[in-house]
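Take a look at the structure below.
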Amino acid sequence: MTFLGKDVVFEGILTMEGDVRLDGRLRGELHTTGTLTVGEDAIVKGTVKAGILITSGKINGYVIASKKIKILKPAILIGDIRTPAISIEGGARFHGSSDMGANTGVESNRLSDEKVYTIQNLSADKCSDRQQS
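For the sequence shown, counting from 1, position 49 maps to 152 in this note's numbering; every step adds exactly one.
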């Protein structure tokens, strides 16, 4: 695991393999194939790309997670996110748009017109009358 402590202030692009924990400040981009954990005191401004994002800190920017995003209290995430799965804990805040569609690896499951059936409008009384006949 790569650890970026509270005293770390970084501006630029970080690309890493494996799991990362960020407790400092980052302005720019952070890319990892593993899990990125953003600590409660961390501040990120920019783009984040990870396999899994778990945040309790502040993120302002664009986030892509190929597997899932977990926003834990007291996190504040402002920006757009793209992921196939998201969870937001009570007390955490998210302001932005989310995309959980085909571009995140999730296939679209659209209903075809062939699977739509018409159901007769019958009241409960009419249904019981039919059963007694």
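We treat Cβ as the ideally placed atom computed from N, Cα and C, and that holds for glycine. Owing to the predicted nature of the structure, the values given are computational and were not obtained by experimental measurement.
Item, Value
"Reduced DSSP secondary structure (H/G/I, E/B, other) of T105", "strand"
"Nearest residue (CA-CA) to I116, options M104, K148 and D144", "K148"
"Per DSSP, cross-strand counterpart(s) of T140", "R124 and I157"
"9 Å Cβ cutoff met for D126 and T105", "no"
"Straight-line Cα distance separating R128 from V111", "6 Å"
"Proximal residues to E114 (C-beta, below 6 Å), its chain only, five neighbours per side dropped", "R130 and G131"
"Beta carbon of K176 nearer than 9 Å to that of G194", "yes"
"Beta-carbon gap between T135 and K152 smaller than 9 Å", "yes"
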